[in-house]
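Take a look at the structure set out below.
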Amino acid sequence: MLTRTLSSFSSGRQSLAIFALLFALLAGFCWWHWSAFLAWSLTTQITLHRYLVLHLLQINNGQYGGGLWLLFFTFLYGVLHAVGPGHGKFVVTTWLSTQQTPSSGALRAVPLAGSLLQGVSAILFVFILAVGFNLVAGDLSLGRWYLEKASALLIAAFGFWLLLRGLRAFRAAPRHAHHHEACGCGHHHLPTRQPAGWKERLSVIAAIGLRPCSGAITVLLFSNAIGIVSWGMLAVMTMALGTGLSLLLLSLAVNRMRDTVTTIWLRDSPARLDRLVALARVAGGLLLLFFALILFLSVVPVSPNGDFIAAGC
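For the sequence shown, this note's numbering assigns the number 325 to the last residue and increments by one with no breaks.
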């Protein structure tokens with residue numbers, strides 16, 4: 013029995029060391045090339061933005077074949093926004109990596125729902141302010157500025173909640189693992205894992221979706237200015253779909269990595285896993301607070317002539 017336990021312990025440690033090494037190499041590679049990738053992503057989005065304007069003008073001139081190209085480029089724009097400067101991936105990866113719940117359809121639907129809400133919030137923002145209140149372009153730019161500031165504060169609030177939850181869990185976690193011999197079946201009995209509640213899932217969806225993409229707002233403002241609002245709305249929701257599918261694939265990868273680490277650590281000690289998850293929540297909360305601060309300080313300045321004119325439309 014002792015030999016089997018020591019063998020399982022050694023195997024778990026070796027697997028964890030290999031996984032940690034591979035993860036460190038991948039993280040180092042991404043960190044080294046992140047700035048170049050981000051610059052490429054932003055440059056590509058600017059190029060795609062010009063194509064979006066071009067195809068909107070084609071539709072306005074009766075060339076409806078440009079509509080298919082418009083939807084294609086908006087979908088691609090959403091994908092690049094998700095993997096590049098978009099904030100959704102930081103919220104999703106932080107939240108999912110600190111969960112002890114099994115992967116489920118409801119859990120995987122969170123990033124997709126958040127991205128679709130992002131498209132809806134952009135549409136509501138433009139049409140409540142532009143159509144409902146008949147605000148001029150400069151006022152819309154100011155409203156966008158306040159909304160992005162508020163969404164950064166919402167992400168900070170979610171990060172603070174995650175930080176507090178991690179600190180409470182870390183204090184409550186047992187310091188030593190107690191192994192009982194009452195069960196002689198030879199299996200590891202995993203602790204019961206409660207699924208994330210609907211309030212928690214809604215808070216993640218809100219943190220993702222209540223910050224509309226500036227590119228989506230620009231497309232809506234320009235399409236409204238030239239009189240093809242319906243095409244602008246369709247383009248924005250296609251953009252949100254591209255972002256959502258990208259975040260969905262990312263969430264599947266995060267779930268797989270999390271489950272792998274969980275399995276390895278449970279071979280050693282469930283109590284140690286509890287402390288690891290608590291520390292991950294603390295670290296994730298701090299990262300989200302730092303990221304929210306960056307978002308708050310880097311909001312695109314207000315343009316007196318309007319965002320779509322400042323973007324070169």
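Glycine included, every Cβ here is placed at the ideal spot set by N, Cα and C.
This structure is a prediction, so every number in the text was calculated from the model and none was measured.
Range covered by the alpha helix (DSSP H) that runs through F87: One-based indexing of the sequence shown puts residue 87 at position 75. From DSSP, the alpha helix (DSSP H) with F87 extends over G78 to V95.
Does the separation of the CB atoms of G221 and L232 fall below 7 Å? As a working mapping, residue 221 is identified with position 209 in the sequence shown. As a working mapping, residue 232 is identified with position 220 in the sequence shown. Using a Cβ distance threshold of 7 Å, G221 and L232 do not count as a contacting pair.
Y89: buried (16+ other C-beta within 10 angstroms of its C-beta) or exposed? Position 77 of the sequence shown, counted from the start, is the residue given in the question as residue 89. Around the beta carbon of Y89, 16 or more other beta carbons lie within 10 angstroms, which makes this residue buried.
If you follow the alpha helix (DSSP H) that R213 is in, where does it begin and where does it stop? The count along the sequence shown starts at 1 and reaches residue 213 at position 201. Residues W210 to G221.
Who are the near neighbours of E160 in its chain, counting only those whose CB is closer than 7 Å to its CB and skipping five residues on each side? Here the question's residue 160 lines up with position 148 in the sequence shown. The residues are R223 and V311.
Mark F302 as exposed unless 16 or more other C-beta atoms lie within 10 angstroms of its C-beta, in which case mark it buried. Start at 1 with the first residue of the sequence shown, and residue 302 comes out as number 290. By the C-beta density criterion, F302 is exposed, having fewer than 16 other C-beta atoms within 10 angstroms.
Decide if the region 240–260 is in contact with the region 125–145; the criterion is three or more beta carbon pairs, one per stretch, under 8 Å apart. Three or more Cβ pairs drawn from the region 240–260 and the region 125–145 lie within less than 8 Å of each other, which places the two stretches in contact.
Alpha-carbon spacing of L176 relative to V294, whole angstroms: For the purposes of this step, residue 176 is identified with residue 164 of the sequence shown, where counting begins at 1. For the purposes of this step, residue 294 is identified with residue 282 of the sequence shown, where counting begins at 1. For L176 and V294, the distance between alpha carbons rounds to 7 Å.
Return the residue from the list L299, T86 and A290 that minimises the CA-CA distance to L246. Within the sequence shown, numbered from 1, the residue matching residue 246 stands at position 234. For the options L299, T86 and A290, the alpha carbon positioned closest to that of L246 is the one of T86.
Could you check what DSSP says for G131 in three-state terms: helix, strand or coil? On the sequence shown, residue 131 is found 119 positions in, with the first residue counted as 1. Correct three-state label for G131: helix.
With distances taken from CA atoms, which of L68, K101 and I217 is nearest V266? What you label residue 266 is simply residue 254 of the sequence shown in a count that begins at 1. With distances taken between Cα atoms, V266 lies closest to K101.
Is any heavy atom of the ligand PLP found at a distance shorter than 6 Å from the C-beta of C225? Looking for the ligand PLP in the displayed structure turns up nothing, as the structure carries no ligands at all.
Buried versus exposed, by CB contacts within 10 Å (16 or more), A51: Sequence index remark: in the sequence shown, residue 51 carries index 39 (1-based). With fewer than 16 other CB atoms across the displayed protein chains lying within 10 angstroms of its CB, A51 is exposed.
Cβ of S53 within 7 Å of Cβ of G96? Here residue 53 refers to the residue found at position 41 when the sequence shown is read from its first residue. Here residue 96 refers to the residue found at position 84 when the sequence shown is read from its first residue. The Cβ atoms of S53 and G96 lie closer than 7 Å to each other.
Out of W107, T250, I306 and Q75, point me to the one whose CA is closest to A228's CA. The residue you call residue 228 lines up with position 216 of the sequence shown. Checked all of W107, T250, I306 and Q75; the closest Cα to A228 is T250.
Please report how far the alpha carbon of L154 lies from the alpha carbon of F170, in whole angstroms. Counting from one through the sequence shown, the residue named residue 154 turns up at place 142. Counting from one through the sequence shown, the residue named residue 170 turns up at place 158. Cα to Cα, L154 sits roughly 25 Å from F170.
Same chain, Cβ closer than 7 Å to Y326, five either side skipped, listed in chain order: Any property of residue 326 remains undetermined from this structure, which presents the chain solely from 13 to 325.
For A48, does the count of other Cβ atoms within 10 angstroms reach 16, so buried, or fall short, so exposed? Numbered from 1 along the sequence shown, position 36 holds the residue referred to as residue 48. Looking at its Cβ environment, which holds fewer than 16 other Cβ atoms inside 10 Å, A48 is exposed.
Would you report the Cα separation of L80 and Q70, rounded to the nearest angstrom? By 1-based counting over the sequence shown, the position of residue 80 is 68. By 1-based counting over the sequence shown, the position of residue 70 is 58. Each residue's alpha carbon lies about 11 Å from the other.
Cα-Cα, which of L214, G77 and S242 is closest to V104? Against the sequence shown, residue 104 aligns to sequence position 92. Per the Cα distances, L214.
Distance check for L66 and L60, CA to CA, integer angstroms please. Residue 60 sits at position 48 when you count from the first residue of the sequence shown. Residue 66 sits at position 54 when you count from the first residue of the sequence shown. Their Cα atoms are separated by approximately 10 Å.
Tell me whether the beta-carbon of L152 lies closer than 7 Å to the beta-carbon of L165. For the purposes of this step, residue 152 is identified with residue 140 of the sequence shown, where counting begins at 1. For the purposes of this step, residue 165 is identified with residue 153 of the sequence shown, where counting begins at 1. The answer is no: Cβ separation not under 7 Å.
Length of the line joining the Cα atoms of L285 and A237: Position 273 of the sequence shown, counted from the start, is the residue given in the question as residue 285. Position 225 of the sequence shown, counted from the start, is the residue given in the question as residue 237. Spanning the two alpha carbons is a distance of roughly 55 Å.
Is the Cβ-Cβ distance between A134 and V216 less than 7 Å? The sequence position of residue 134 within the sequence shown is 122, counting from 1. The sequence position of residue 216 within the sequence shown is 204, counting from 1. Not closer than 7 Å, so no.
Under a Cβ-count criterion, where at least 16 other Cβ atoms within 10 Å of its own Cβ denotes burial, should T55 be classed as buried or exposed? Position 43 of the sequence shown, counting from 1, holds the residue named residue 55. By the 10 Å Cβ count, T55 comes out exposed.
With a cut-off of 8 Å on the beta carbons, I'd call G297 and G178 a contact; round off their distance for me. Counting from one through the sequence shown, the residue named residue 297 turns up at place 285. Counting from one through the sequence shown, the residue named residue 178 turns up at place 166. Indeed, because the Cβ distance is near 6 Å, the residues count as touching under 8 Å.
In this structure, does DSSP put Q111 in helix, strand or coil? Taking the first residue of the sequence shown as 1, we reach residue 111 at position 99. Note: Q111 maps to coil in three-state DSSP.
Terminal residues of the alpha helix (DSSP H) in which F234 lies: Taking the first residue of the sequence shown as position 1, residue 234 is located at position 222. Taken as a continuous stretch (DSSP letters only), the alpha helix (DSSP H) holding F234 covers S226 to I238.
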